[in-house]
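Residue numbers (our numbering), protein chains in the order written: chain A, -5 to 106; chain B, 2 to 116. Don't be surprised by glycine CBs; every beta carbon is placed ideally from N, CA and C. Below is one structure, written out as structure tokens, with a few remarks after it.
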Amino acid sequence: GDSVTQMEGPVTLSEEAFLTINCTYTATGYPSLFWYVQYPGEGLQLLLKATKADDKGSNKGFEATYRKETTSFHLEKGSVQVSDSAVYFCALSPQGAQKLVFGQGTRLTINP
Amino acid sequence: EAGVAQSPRYKIIEKRQSVAFWCNPISGHATLYWYQQILGQGPKLLIQFQNNGVVDDSQLPKDRFSAERLKGVDSTLKIQPAKLEDSAVYLCASSPSAGVYNEQFFGPGTRLTVL
């Protein structure tokens, strides 16, 4: 079945460091891919999305590229801030379906 | 625009008791989802409604869980009887009518503790 695997957490970085959170998926056809973020005390929010191969999603300095050949959608940011501390979830929506299949989440902590 | 509303925010019950959660989606959103998020895991879909019809309930433990969306607007998820392993955050989400991008908007969740 469809599944998403995320890099194990937690991840702790210093402010202004480069961030990569790995995400790979298993799905048939061409799913849509998403990164959701959950800030402390808040609900899940969509961070960025990509709906076809080679698309790049971007928002708030974060980027992720849909790589069909490696079935990956890694999240990157060039210079993280303390305010980026949150739990990040990679997710897919199977082709032709509307549901989301989530990875296990990666907790990110940025120290000043 | 008001977001997805859920209540209660927290609930503590003993095993074998029953519990119900309520969700009011964003106005005009046809699709409503219930997810279960166990501590340390990602959310898992329990049931998806399109208007007042069920689209996907393949992962709903139907011997103890039930859900309804009678008028195609708000929804109730019930657990009866609860087990210890039902301790989780129950998330409600909604999205506009079927489309390519499938952005779902999530409520704050209900944290259930079963003792």
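Identity of the residue in the options nearest residue i by Cα
i, options, result
"residue 28 of chain B", "B:48, B:6 and B:15", "B:6"
"residue 37 of chain A", "A:69, A:5, A:80 and A:8", "A:80"
"residue 10 of chain B", "B:55, B:4, B:23 and B:17", "B:23"
"residue 53 of chain B", "B:34, B:12 and B:91", "B:34"
"residue 32 of chain A", "B:26, B:109 and B:115", "B:109"
"residue 16 of chain A", "A:24, A:59, A:54 and A:9", "A:59"
"residue 101 of chain A", "A:95, A:84 and A:94", "A:84"
"residue 5 of chain A", "A:76, A:96, A:25 and A:94", "A:76"
"residue 55 of chain A", "A:-3, A:10 and A:98", "A:10"
"residue 22 of chain A", "A:43, A:-4 and A:29", "A:-4"
"residue 14 of chain B", "B:43, B:83, B:67 and B:25", "B:83"
"residue 14 of chain A", "A:95, A:99, A:97 and A:72", "A:72"
Burial state of residue i (16 or more Cβ within 10 Å)
i, result
"residue 70 of chain B", "buried"
"residue 106 of chain A", "exposed"
"residue 111 of chain B", "buried"
"residue 104 of chain A", "buried"
"residue 90 of chain A", "exposed"
"residue 59 of chain B", "exposed"
"residue 92 of chain A", "buried"
"residue 115 of chain B", "buried"
"residue 87 of chain A", "buried"
"residue 105 of chain B", "buried"
"residue 81 of chain B", "exposed"
"residue 63 of chain B", "exposed"
"residue 85 of chain B", "exposed"
"residue 19 of chain B", "exposed"
"residue 96 of chain B", "buried"
"residue 3 of chain B", "exposed"
Assigned secondary structure, residue i (DSSP; H/G/I helix, E/B strand, else coil)
i, result
"residue 58 of chain B", "coil"
"residue 87 of chain A", "strand"
"residue 57 of chain A", "strand"
"residue 5 of chain A", "strand"
"residue 76 of chain A", "helix"
"residue 69 of chain B", "strand"
"residue 86 of chain B", "helix"
"residue 22 of chain A", "coil"
"residue 28 of chain B", "coil"
"residue 92 of chain A", "coil"
"residue 105 of chain A", "strand"
"residue 51 of chain A", "strand"
"residue 100 of chain A", "strand"
"residue 51 of chain B", "strand"
Residue interval of the beta strand (DSSP E) (run including residue i)
i, result
"residue 92 of chain B", "89 to 96"
"residue -3 of chain A", "-3 to 0"
"residue 77 of chain B", "76 to 80"
"residue 42 of chain B", "Residue 42 of chain B -> no beta strand (DSSP E), and no H or E assigned at all."
"residue 5 of chain B", "Per DSSP, residue 5 of chain B belongs to no beta strand (DSSP E) and is neither H nor E."
"residue 26 of chain A", "26 to 32"
"residue 12 of chain B", "11 to 14"
"residue 112 of chain B", "111 to 115"
"residue 70 of chain A", "69 to 71"
"residue 39 of chain A", "38 to 44"
"residue 14 of chain A", "13 to 15"
Heavy atom of the ligand SAM within 7 Å of residue i beta-carbon
i, result
"residue 63 of chain B", "Looking for the ligand SAM in the displayed structure turns up nothing, as the structure carries no ligands at all."
Residue-level contact to chain C via CB, residue i, 8 Å cutoff
i, result
"residue 37 of chain A", "The question asks about chain C, but that chain is absent: this structure's protein chains are A and B."
Exercise for review: Say whether the region 46 to 65 of chain A touches the region 20 to 39 of chain B, bearing in mind that this needs 3 or more beta-carbon pairs closer than 8 Å, one atom from each stretch.
Suggested key: no
Check your understanding: Three or more C-beta pairs closer than 8 Å, one from the region -3 to 8 of chain A and one from the region 56 to 66 of chain A: is that the case here?
Key -> no
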